[in-house]
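Take a look at the structure below.
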Amino acid sequence: MGQTLHHCRTNLGEQVKIAELNEREVDDAVGALTSLMEPFIMAVLGILIGGLVVAMYLPVFRMGSVV
C-alpha cells in the first residue's frame with residue numbers, strides 16, 4: 001500500500017511537470033501565431049477602410065466632373 005501511494009505521488013509530480021511543459025509550449029505557439037497574424041489583420045483592415053473611403057468619395061468626384 002505504501003509503495004502504491006509513493007508511486008502515485010511520484011507519477012503525479014511527473015504529470016505536473018509534463019503539464020507545465022505542455023502549457024509553456026502552447027503559450028509559445030500561440031504567441032508566435034498571434035505575432036504572425038497581427039500584420040495580416042492590419043493589412044486587411046487597411047484595405048477595407050481604404051475601400052470604404054474610396055466608395056464614399058467616388059460619387060463626390062464624379063459630381064465634380066459633371067459640372
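Under UniProt numbering, read the sequence shown as residues 1 to 67, first letter to last. Positions of the beta carbon are idealized from the N, C-alpha and C atoms, including for glycine.
Residues near I49 in its chain [Cβ-Cβ closer than 8 Å; skip 5 each side]:
To locate residue 49, count along the sequence shown from 1; it is residue 49. Cβ neighbours of I49 beyond the five flanking positions: none.
In angstroms, rounded to a whole number, what distance separates the CA positions of P39 and K17?
Stepping through the sequence shown from its first residue, residue 39 is reached at position 39. Stepping through the sequence shown from its first residue, residue 17 is reached at position 17. Answer to the nearest angstrom: the Cα atoms are 35 Å apart.
What separation, rounded to the nearest whole angstrom, lies between the Cα atoms of E23 and A29?
Position 23 of the sequence shown holds residue 23. Position 29 of the sequence shown holds residue 29. In a straight line, the C-alpha of E23 is about 10 Å away from that of A29.
In angstroms with no decimal places, state the Cα-to-Cα distance between T34 and I41.
Sequence index remark: in the sequence shown, residue 34 carries index 34 (1-based). Sequence index remark: in the sequence shown, residue 41 carries index 41 (1-based). C-alpha separation (whole angstroms): 10 Å.
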